[in-house]
Structures are given as C-alpha cells and as structure tokens.
Amino acid sequence: MHISSQFDSGNIDVIDASNTQDIKLAIKKDNNSDFYQWFHFNVHNNEHTEHVFHITNAGQAAYVEGWQNYQAVASYDREHWFRVPTSFDGQNLTITFTPECDSTYFAYFAPYSYERHLSLLHNAQLSESCQLQVLGQTLDGRDISVLKVGEEVEGKPVIWLTARQHPGETMAEWFMEGFIDRLLDVDDGTAVSLLNSAVFYLVPNMNPDGSVRGHLRTNAAGVNLNREWENPTMEQSPEVYLVREKMLSTGVDMHLDIHGDEALPFNFVAGCEGIPSYDKRLEALENAFKNILLAITPEFQDDKGYDKDAPGQANLTVGSNWVGEQFNCLAYTLEMPFKDNLLLPDVDVGWSDNRSRNLGRDVLTAIYHLVDDLR
Numbered sequence: 170m171h172i173s174s175q176f177d178s179g180n181i182d183v184i185d186a187s188n189t190q191d192i193k194l195a196i197k198k199d200n201n202s203d204f205y206q207w208f209h210f211n212v213h214n215n216e217h218t219e220h221v222f223h224i225t226n227a228g229q230a231a232y233v234e235g236w237q238n239y240q241a242v243a244s245y246d247r248e249h250w251f252r253v254p255t256s257f258d259g260q261n262l263t264i265t266f267t268p269e270c271d272s273t274y275f276a277y278f279a280p281y282s283y284e285r286h287l288s289l290l291h292n293a294q295l296s297e298s299c300q301l302q303v304l305g306q307t308l309d310g311r312d313i314s315v316l317k318v319g320e321e322v323e324g325k326p327v328i329w330l331t332a333r334q335h336p337g338e339t340m341a342e343w344f345m346e347g348f349i350d351r352l353l354d355v356d357d358g359t360a361v362s363l364l365n366s367a368v369f370y371l372v373p374n375m376n377p378d379g380s381v382r383g384h385l386r387t388n389a390a391g392v393n394l395n396r397e398w399e400n401p402t403m404e405q406s407p408e409v410y411l412v413r414e415k416m417l418s419t420g421v422d423m424h425l426d427i428h429g430d431e432a433l434p435f436n437f438v439a440g441c442e443g444i445p446s447y448d449k450r451l452e453a454l455e456n457a458f459k460n461i462l463l464a465i466t467p468e469f470q471d472d473k474g475y476d477k478d479a480p481g482q483a484n485l486t487v488g489s490n491w492v493g494e495q496f497n498c499l500a501y502t503l504e505m506p507f508k509d510n511l512l513l514p515d516v517d518v519g520w521s522d523n524r525s526r527n528l529g530r531d532v533l534t535a536i537y538h539l540v541d542d543l544r
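Numbering (my numbering), first residue to last: 170 to 544.
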C-alpha cells in the first residue's frame with residue numbers, strides 16, 4: 170500500500186500504514202500557521218479489502234465541530250466524488266472504506282485544482298463580453314486574476330464576486346464556475362439582460378497559493394486573507410491588496426464573497442448589520458436579496474447562520490464588511506456547507522461540487538431581480 174499527497178492541494182502525513190485495519194494519518198498545518206482541517210490524499214493498494222484510516226490529530230483541528238456528522242469524500246476518477254463512512258470520537262476522525270479500484274482519492278470536500286482554475290479563466294476569456302485581467306502576483310508567483318464581464322457604461326452598477334479567500338473552501342470556486350458559465354451563456358436571456366444592466370468583476374480564486382499548498386485557511390505566508398481588508402500589504406497579503414486597489418478604481422455597488430462553513434449544514438448569508446454606515450437602504454437590499462433567493466431555490470434558508478454584529482461593531486478587516494462600509498453597498502458573505510444541506514439531504518454525495526455550481530447559477534437570477542435597485 171502507498172499513500173501520497175504529492176500533488177496539487179494534497180495534504181496528509183503518514184504515521185503508520187503497515188496495517189490496513191489501523192492506518193494512522195495526520196493533517197499538516199498551513200504554513201506559518203496553526204490552522205488545519207483540509208486533507209486530500211491518494212491510496213494505492215491492489216488488495217480490495219476494508220481500509221480503516223484514523224486521522225489522529227482531528228481533535229485539535231481548526232473547527233472541531235466540523236467533524237460532527239461529517240462524511241469524507243472519495244473518488245476513483247477525480248471527477249465524481251461520493252461520501253464514505255466517517256466517524257469522530259473526539260480525537261480521531263475515522264474513515265472506513267473498501268475500495269473497488271486499485272487507487273482511490275480522499276478529500277475534505279471535492280477539490281478544485283489549479284489546472285481547472287486556469288481553464289476556467291482562459292475558457293471564459295473566449296467570450297466576447299469577457300476580459301481576463303492580471304492584477305499582479307502572489308507570494309509564490311502565481312497570477313492574481315480577475316474576469317471583467319460586460320461593458321462599463323456610466324451609471325451601470327458594478328458588481329464584484331470574490332471566492333476562496335480560504336483555499337480549503339473549494340465549494341466557493343465550484344460556485345463561481347456555475348455562475349460564470351451561466352453569465353457567459355449567450356442563449357440565457359437572464360444573463361444577457363443582466364449584462365445589459367451591470368458590469369461584473371469576478372475573482373474565482375483569491376488564494377491560489379494556499380489552494381495549491383493544501384492549506385485550509387491561509388496564503389503562502391500563513392495569513393488569513395479575510396482578516397486583511399483594512400490594512401493589506403504587498404509583503405503579507407498581496408492578494409487582498411491588489412483586489413482592493415482594483416475595487417477602489419472601479420467602485421462597487423454589490424459584493425458577494427463566497428465561502429464554506431465547516432460546522433453548519435446549511436446555505437446562508439452573513440450581512441453587514443454591524444458596519445458604521447448601515448442604514449435602512451442597506452437593510453432593505455439585504456432583505457430583498459434573501460427573499461429572492463428563498464423564492465428561487467429550496468437550497469437556501471435564512472433561519473440558521475451566524476449571529477449578527479451589534480450596530481457599529483462589525484470587524485472591518487473582513488472582506489464583505491470592509492467593502493460594505495467603504496462603498497456603502499450591498500455586501501454579503503455567502504456560506505455553503507462542507508457536510509450536507511439538511512434541508513435537502515443527499516446520502517450519496519451530501520453538499521457537492523455540482524450542487525455548489527447550481528447555487529451559483531441560481532444566485533445570478535437573484536442578482537437579476539435586484540440589479541435595478543442597487544443604486
């Protein structure tokens with residue numbers, strides 16, 4: 170038996186793999202950080218017998234509550250990911266699985282590879298309405314890319330979507346793939362009409378370094394990008410610095426920052442109720458957006474989510490809070506589950522890459538219904 174994580178977004182340490190019934194593993198920490206929870210590894214074994222994997226440091230992971238009622242995902246072809254029996258005893262995350270093929274991949278959630286990221290960007294630029302822009306480079310030398318979709322015209326709302334500030338939240342880029350695919354569909358009347366009304370700036374992956382390195386939450390320097398928005402630097406957080414500078418040059422009328430939540434088995438949004446400039450106009454926009462999504466898809470709900478910040482107490486180092494305050498605009502963090510959506514459970518795949526893609530497509534419809542009210 171051979172266990173490896175030497176590939177894009179791979180993360181695992183092998184402690185002892187001498188007994189297939191008692192394989193001991195550990196998740197590596199993000200570089201220069203104590204964050205860890207993302208895992209992604211491959212197991213090659215020609216003996217198709219039961220394998221029992223114990224991730225021995227799960228009890229000290231960043232979000233231990235994320236392991237409760239969680240099921241890991243596996244794949245033979247790296248395309249179709251399915252849930253496998255998983256349990257947590259307070260310390261060990263145990264995956265029990267009998268492979269049907271010689272080689273199996275396991276992960277915290279369906280991975281979104283850097284190669285797929287590049288393909289997403291470069292396929293998008295083939296559209297006449299899309300321009301691929303490079304804002305600069307990350308600490309590891311990768312491009313910080315943004316897709317500009319639509320024509321800038323005075324008076325048109327400017328809508329920004331950013332995703333994957335936390336690289337282990339791969340559902341965020343699957344969401345962006347669905348959103349981009351629909352926005353660029355010339356046969357989709359909703360998308361065509363929306364591009365007549367607004368211009369979009371889309372960042373499918375804010376943290377390509379952390380993604381490739383197999384990090385959960387930080388960039389190459391071990392910095393949590395979603396705590397850098399008030400005072401980013403080129404030395405520690407060039408990803409935020411450059412995107413923020415671009416936002417300042419374009420203006421922002423709406424911002425969605427796409428994430429995944431380890432613990433809550435629901436799709437939900439977190440608003441800007443605590444920013445100093447929050448007013449009745451922003452409250453009305455937030456409520457309208459939520460009500461439209463509730464009407465569009467049963468995958469969304471507004472009963473479960475984060476506690477709302479008290480007035481004036483929002484953390485302005487957080488992306489959506491900083492944007493909402495800086496531009497006095499509708500700014501939401503949208504969260505998807507690592508587990509399943511308990512409103513519509515699927516025992517085979519749970520919340521998945523495909524369901525994330527479909528939610529991205531649904532959110533485009535919500536923006537269409539709201540775009541005329543953004544200014």
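Virtual Cβ for every residue (Gly too), placed ideally from N, Cα, C.
Computed from a predicted structure; not experimentally measured.
Gln495: member of the alpha helix (DSSP H) spanning Gly488 to Phe496, first to last residue. Bridge partners of Thr255 according to DSSP: Ile264. Taking one beta carbon from each stretch, the stretch 367-386 and the stretch 436-448 have fewer than 3 pairs nearer than 8 Å; the two do not touch.
Taking the C-beta atoms as reference points, Ser525 is found nearer than 8 Å to Gly347. Distance check between Ala332 and each of Ser521, His291, Asn497 and Gly488 places Gly488 closest, using alpha-carbon atoms only. Closest in alpha carbon position to Glu269, among Tyr239, His220 and Phe496, is His220. Excluding its 5 nearest sequence neighbours in each direction, Lys198 has C-beta neighbours in its own chain below 8 Å: Phe204 and Tyr205, listed in chain order. Per DSSP, the unbroken alpha helix (DSSP H) holding Lys449 starts and ends at Lys449 to Ile465.
From the listed residues Ile444, Val540, Pro373 and Ser406, the smallest Cα separation to Glu397 is found for Ser406.
The three-state secondary structure of Met505, taken from DSSP, is strand.
Comparing C-alpha distances from Val361 to each of Glu404, Phe344, Ser380 and Ser296 shows the shortest one belongs to Ser296. Put simply, of Ser178, Gln175, Glu216 and Asn201 the residue whose alpha carbon is nearest the alpha carbon of Asn188 is Glu216.
Assignment of Trp520 by DSSP, reduced to helix, strand and coil, places it in the coil class. Distances from the CA of Asp246 to each of Pro280, Thr225, Ala230 and Tyr537 were compared; the closest alpha carbon is that of Pro280. Contact check between the stretch 352-366 and the stretch 304-321: three or more CB pairs, one atom from each, fall below 8 Å, which counts as touching. Here Val355 is exposed: its Cβ has fewer than 16 other Cβ atoms, across all protein chains shown, within 10 Å. In this structure, Thr486 lies away from Glu408, with their beta-carbon atoms at least 8 Å apart.
Around the beta carbon of Met403, fewer than 16 other beta carbons sit within 10 angstroms, so the residue counts as exposed. Under the three-state reduction of DSSP output, Lys325 falls in the coil class, being neither helix nor strand. Of Ala390, Val372, Thr359 and Trp236, the smallest CA-CA separation from Pro434 is found for Trp236. Residue Ala341 holds the alpha-carbon nearest to the alpha-carbon of Val372 among Ala341, Asn393 and Glu442.
Here Pro514 is exposed. Its C-beta has fewer than 16 other C-beta atoms within 10 Å. Per DSSP, the unbroken alpha helix (DSSP H) holding Asn365 starts and ends at Gly358 to Ser366.
DSSP places Lys415 within a helical segment (H, G or I) once states are collapsed to three. Using a 10 angstroms sphere on the CB of Ser288, the tally of other CB atoms stays under 16, which defines it as exposed.
The continuous alpha helix (DSSP H) containing His291 extends over residues Tyr283 to Ala293.
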